[in-house]
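J.: Questions regarding the structure given below will be posed in turn.
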Amino acid sequence: MENIGLILKKVRTSKGIKTKYVYEGILSRSMFYKFENGMSDISLNHFLAVTDRLNIAFNELEGLVDYHDGYKDNLALLMTLHYKGEIESLREYAKQMSDLYKKRA
Numbered sequence: 003m004e005n006i007g008l009i010l011k012k013v014r015t016s017k018g019i020k021t022k023y024v025y026e027g028i029l030s031r032s033m034f035y036k037f038e039n040g041m042s043d044i045s046l047n048h049f050l051a052v053t054d055r056l057n058i059a060f061n062e063l064e065g066l067v068d069y070h071d072g073y074k075d076n077l078a079l080l081m082t083l084h085y086k087g088e089i090e091s092l093r094e095y096a097k098q099m100s101d102l103y104k105k106r107a
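So for the sequence shown, the working numbering puts the first residue at 3; every next one is plus one.
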């Protein structure tokens with residue numbers, strides 16, 4: 003699967019959006035560079051803010067991402083929680099995914 007940062011970089015450049023517009027007030031320039039180039043991940047809150055700046059809805063991401071290992075199911079759950087405004091559930095899910103990632107690392 004292609005890294006989500008690289009996918010969003012393609013979207014940003016295809017729309018002619020400058021990097022500063024996307025990261026300013028959300029991430030540092032260096033952190034955004036690392037994310038866009040697949041060298042680092044960002045938090046769910048930052049991800050939502052970046053996709054908002056790029057004017058990308060979650061359902062649009064479905065067509066951009068090559069899914070594997072239940073990724074589509076996870077994205078569908080995130081979409082549902084986001085659209086329902088269930089912020090605490092999103093935070094709990096993000097914590098669970100972070101804990102799982104730490105166990106695998």
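For every residue, glycine included, the Cβ atom is placed at its ideal position computed from N, Cα and C.
1) From which residue to which residue does the alpha helix (DSSP H) around Ile6 run?
2) Output needed for Ser16: all residues of its chain with C-beta closer than 7 Å, excluding positions within five of it in sequence on either side, in chain order.
3) Does the Cβ-Cβ distance between His48 and Leu66 come in under 8 Å?
4) Buried or exposed, going by whether 16 or more other CB atoms sit within 10 Å of the CB of Arg93?
5) Indicate, with yes or no, if the ligand PLP has a heavy atom lying under 7 Å from the CB of Leu8.
6) Taking the beta carbon of Glu38 as the centre, do at least 16 other beta carbons fall within 10 Å, making it buried, or is it exposed?
7) Mapping DSSP to helix, strand and coil, what is Leu56?
T.: Judging by the given coordinates:
1) 6-16 is the extent of the alpha helix (DSSP H) around Ile6.
2) Counting only Cβ-Cβ distances below 7 Å, and skipping sequence neighbours, we find nothing.
3) It is not a contact, given that the beta carbons lie outside the stated cut-off.
4) Exposed is the call here.
5) Of the ligands one can find in the structure shown there are none, so the ligand PLP has no counterpart to examine.
6) Sixteen is the threshold: when 16 or more other Cβ atoms of the shown chains lie within 10 Å of the Cβ of Glu38, as they do, the residue is buried.
7) Coil.
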